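**Q** Listed in order, the protein sequences are those of chains A and B.
Just so you know, we're using numbering that gives the first Met the number 0 here: the first sequence kicks off at 0 and counts up by one.
Just so you know, we're using numbering that gives the first Met the number 0 here: the second sequence kicks off at 0 and counts up by one.
All residues carry an ideal CB built from backbone N, CA and C; glycine is no exception.
Remember, it's a predicted structure, so these values are computed and weren't measured experimentally.
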Amino acid sequence: MQKKIFMAIAAIAILSTQVQGQKFYTKSGLVHFFSDAKMEDIKADNNSASCVIDASSGAMEWSLLNKGFTFESAFMQEHFNENYMESDKFPKSTFKGTISNMSAINLKKDGSYTASVSGDLTMHGVTKNMSTTATFTVSGGKISCSSKFYVKPSDFNINIPGDKKDSISNNIEITVSGNLQELKK
Amino acid sequence: MKKIILFIIAAGLLVGGGTALYLWNKPHKTAEGEKPFATISADSLFQEYFAATDSSVSKKYSEKVIQVHGIAAEDGEELQNGRWKVRLKADEEGMNSVVVELIPGATAANIKSGMNIEAKGICIDYLADDMGLGGEVQMNQGVLIESKK
Chain A
0 MQKKIFMAIA AIAILSTQVQ GQKFYTKSGL VHFFSDAKME DIKADNNSAS CVIDASSGAM
60 EWSLLNKGFT FESAFMQEHF NENYMESDKF PKSTFKGTIS NMSAINLKKD GSYTASVSGD
120 LTMHGVTKNM STTATFTVSG GKISCSSKFY VKPSDFNINI PGDKKDSISN NIEITVSGNL
180 QELKK
Chain B
0 MKKIILFIIA AGLLVGGGTA LYLWNKPHKT AEGEKPFATI SADSLFQEYF AATDSSVSKK
60 YSEKVIQVHG IAAEDGEELQ NGRWKVRLKA DEEGMNSVVV ELIPGATAAN IKSGMNIEAK
120 GICIDYLADD MGLGGEVQMN QGVLIESKK
């Protein structure tokens, strides 16, 4: 009996170590940009954001190419890249952070988990610390994550000219989501 | 004289308004029906970006129509917003890749891992491997040209 209990504990310990040592990723994360201003709404999607999450440490990283955003209007897209993001000079935006309550999230067990995330968001050459929450949903082995937060263009040295103040919000809504896979190496 | 001034103002408003309307509704450039700036294998394109020490390769290909051929690294993938993308291997393992996101309405449902494929897209840029996921050259507004087993 004692041997059986010992074996069961050992198996759980090994399994737990394996889960905690795993990394999960997507190369097709969706980042949605939404500006709700007095004159108009502006929306854009980037379907090719990369993300990796280390289940042992809770480290989380996101990276995307700014030119990968597709706007409804080609004209808006040009302005976004040339006048605001200066995408030739600053081609990437990144987030490097940590999930502080990773121990409460089991990516191998069905359920919905709320994660507390904080870290550094870098865009337009400026890095700012930020905190938000993310939701992980595990269902039948499929893992998805999503989060919504707001950024102020002025925090990232992105200047909105006076005549555009009614067209571009000073608080942009960013929604990120991704279907995660286990990273096998 | 007054009529001439009014005519010039009206013509100016018409031209200005028309130009603004055109710019506002200017359609997105897509690779569909466009002659490619370059036709290249996925691994050669990737290697050019990977070996670059400055922005010269980005400037060479950025926003241009590139036709790329190679082996599908995975099945065609339907994205969260309903678009599809294909991933071409840029090395033996398929860790590094060239990714082409297709235009709305185009599908890559029949693309299976290991198939030989050729696709055209508007080159975005190179996302370097900073996270251990492999690097990728990204394109969008693309179309599939050919696929065979």
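Would you mind reading off the limits of the alpha helix (DSSP H) that contains K58(B)?
**A** 55 to 60
**Q** Taking the alpha-carbon positions, what's the S130(A) to S117(A) distance?
**A** Distance between S130(A) and S117(A), taken at the CA atoms: about 4 Å.
**Q** Examine chain A for any beta-carbon lying closer than 8 Å to the beta-carbon of E100(B), and answer yes or no.
**A** yes
**Q** Taking G133(B) and E100(B) to be in contact with their CB atoms under 8 Å, please state how far apart those CB atoms are, rounded to whole angstroms.
**A** Contact doesn't hold; Cβ gap of about 17 Å is too wide.
**Q** Spell out the partners DSSP gives Q180(A) in its beta bridges.
**A** Y24(A)
**Q** Have a look at I167(A) and A36(A) and give me their C-alpha separation to the nearest angstrom.
**A** 5 Å
**Q** Going along chain B in order, which residues have a C-beta closer than 8 Å to the C-beta of V51(A)?
**A** M130, G131, L132
**Q** Excluding the five sequence neighbours on either side, which residues of its own chain have a C-beta within less than 7 Å of the C-beta of G137(A), listed in chain order?
**A** Looking at the sequence provided, one finds Val at residue 137(A) rather than Gly. Around V137(A): L106, K108, D109, G110.
**Q** Would you say K26(A) lies against chain B (beta-carbon separation less than 8 Å)?
**A** Yes, K26(A) counts as interfacial toward chain B.
**Q** Taking the alpha-carbon of L120(A) as reference, which of Y24(A), D154(A), S145(A) has the nearest alpha-carbon?
**A** D154(A)
**Q** By how many angstroms is the C-alpha of Q137(B) removed from the C-alpha of D44(A)?
**A** C-alpha of D44(A) to C-alpha of Q137(B): approximately 14 Å in a straight line.
**Q** Would you mind giving the Cβ-Cβ distance between L126(B) and L64(A), rounded to the nearest angstrom? I have them listed as a contact below 8 Å.
**A** 5 Å
**Q** For D124(B), collect the residues of the same chain with a Cβ closer than 7 Å to its Cβ; drop the 5 residues on either side in sequence, then sort them by chain order.
**A** S57, S61, Q137
**Q** Which residue from N156(A), D53(A), I104(A) puts its Cα closest to that of G124(A)?
**A** Put simply, of N156(A), D53(A), I104(A) the residue whose alpha carbon is nearest the alpha carbon of G124(A) is N156(A).
**Q** Would you kindly work out how many angstroms separate the C-alpha atoms of V128(B) and S62(A), rounded to a whole number?
**A** The amino acid occupying residue 128(B) in the given sequence is Asp; Val does not appear at that position. When rounded, the distance between both Cα atoms is 10 Å.
**Q** Would you kindly work out how many angstroms separate the C-alpha atoms of K127(A) and F33(A), rounded to a whole number?
**A** For K127(A) and F33(A), the distance between alpha carbons rounds to 20 Å.
**Q** Is it true that the CB of S27(A) sits closer than 8 Å to the CB of L87(B)?
**A** no
**Q** Which residues in chain A have a C-beta closer than 9 Å to the C-beta of K150(B)? List them in chain order.
**A** Past the boundaries of the shown model lies residue 150(B); chain B is included only from 0 to 148, so the question cannot be answered.
**Q** Please classify D42(B) as buried or exposed, where buried requires at least 16 neighbouring CB atoms within 10 angstroms.
**A** buried
**Q** Use the C-beta contact count for P103(B): other C-beta atoms within 10 angstroms, 16 or more gives buried, fewer gives exposed.
**A** exposed
**Q** P90(A) versus chain B: which residues are under 8 Å apart at the beta carbon?
**A** S57, D124
**Q** Could you tell me whether the stretch 109 to 125 of chain B touches the stretch 82 to 97 of chain B, using the rule of 3 or more Cβ pairs below 8 Å?
**A** As far as the Cβ criterion goes, the stretch 109 to 125 of chain B touches the stretch 82 to 97 of chain B, which means the pair count is three or higher.
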